[in-house]
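Participant: I have a structure here, written as structure tokens, and I will follow up with some questions on it.
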Amino acid sequence: MGSRTEQCLNCEAPLSSPTGRGGRPRTYCSDACWWDFGRTRARRWRPITQRHQRQDDTRKQRRHLRNQAEHLAQAAGKLALDLHAEDLALPTQQTGWKSGPIAGYAAAALPLLAQARAVLAAAVAADRAAGATWDEIGAVLDVSPDTAARRYRT
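Under the numbering used here, the sequence shown has 35 at position 33, and the numbering climbs by one with no breaks.
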């Protein structure tokens, strides 16, 4: 059996001597102390669970950011390979020499811009999950905190 405490677990007041009614020995001096201890214990554990939740959210957001960055890198690498292959081709076979739309390079780069925006949104979400404020994110992006929050709030 465990050792008997002679003090209230909540306020550390001395416990009254047990009466002849039997049952389990008291660990709190009153019902009010018992309820207060329960509320205090719940408050003590809440920050730990919130911290673990934030760590899990940060981990998920980091993983999403990594995936978005990898997709961007793959698309940029494909564009670079296409441009390199075009450089090796004869001048008459290059896109700029063909008749038709002359904005082919801009059209090829446009998906990269969309993916870069997705990477930035994922980076902001990861920063928010890690505990960054909108003030800090706005300062990095060179926009106001309200603008940053409006653009990237999920």
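All C-beta atoms in this analysis are idealised placements derived from N, C-alpha and C, irrespective of residue type, glycine included.
Under three-state DSSP, which class holds Trp99?
Facilitator: Low per-residue confidence applies at Trp99: pLDDT is 49, beneath 50, and the placement is therefore not dependable, though the value from the model is reported in the following sentence. Helix.
Participant: Going along the chain, which residues of its own chain have a beta-carbon closer than 6 Å to the beta-carbon of Ala15, five neighbours each way excluded?
Facilitator: The answer, listed in chain order, is Cys31.
Participant: Please classify Pro16: does DSSP put it in a helix, a strand, or coil?
Facilitator: Looking at Pro16 - three-state DSSP - the assignment turns out to be strand.
Participant: Would you mind giving the Cβ-Cβ distance between Leu81 and Val121, rounded to the nearest angstrom? I have them listed as a contact below 8 Å.
Facilitator: Between Val121 and Leu81 the Cβ distance is about 15 Å, and since that is not below 8 Å, they are no contact.
Participant: Measuring CB atoms only, is the segment 58 to 75 touching the segment 114 to 128, in the sense that at least three cross pairs come out at less than 8 Å?
Facilitator: These segments touch.
Participant: Can you give me the Cβ contacts of Ala128 inside the same chain, cut-off strictly under 8 Å, excluding the 5 residues immediately before and after it?
Facilitator: Within the same chain, Ala128 has close Cβ partners Thr60, Gln63, Arg64, His66 and Leu67.
Participant: Pull the bridge partners of Gln9 from the DSSP assignment, please.
Facilitator: Note: Gln9 sits in a beta bridge opposite Pro16.
Participant: Can you tell me whether Ala125 is buried or exposed, with buried defined as 16 or more other CB within 10 angstroms of its CB?
Facilitator: So Ala125 ends up on the buried side.
Participant: How big is the Cα-Cα spacing for Trp99 and Ala109?
Facilitator: Here Trp99 scores only 49 on pLDDT, less than 50, and its place in the model is too uncertain to base an answer on.
Participant: Note the first and the last residue of the continuous alpha helix (DSSP H) segment covering Tyr30.
Facilitator: Run containing Tyr30: none; DSSP gives neither H nor E here.
Participant: What number of angstroms, rounded off, separates the C-alpha of Ala1 from the C-alpha of Tyr107?
Facilitator: It is not possible to answer for residue 1, since the shown part of the chain is limited to 3 through 156.
Participant: Please go through the segment 40 to 84 and give each complete alpha helix (DSSP H) segment of 4 or more residues, from N-terminal end onward.
Facilitator: Counting whole runs of 4 or more residues, the segment 40 to 84 contains no alpha helix (DSSP H) stretch at all.
Participant: What would DSSP say about Asp144, mapped onto helix, strand or coil?
Facilitator: Asp144 falls in the coil class under three-state DSSP.
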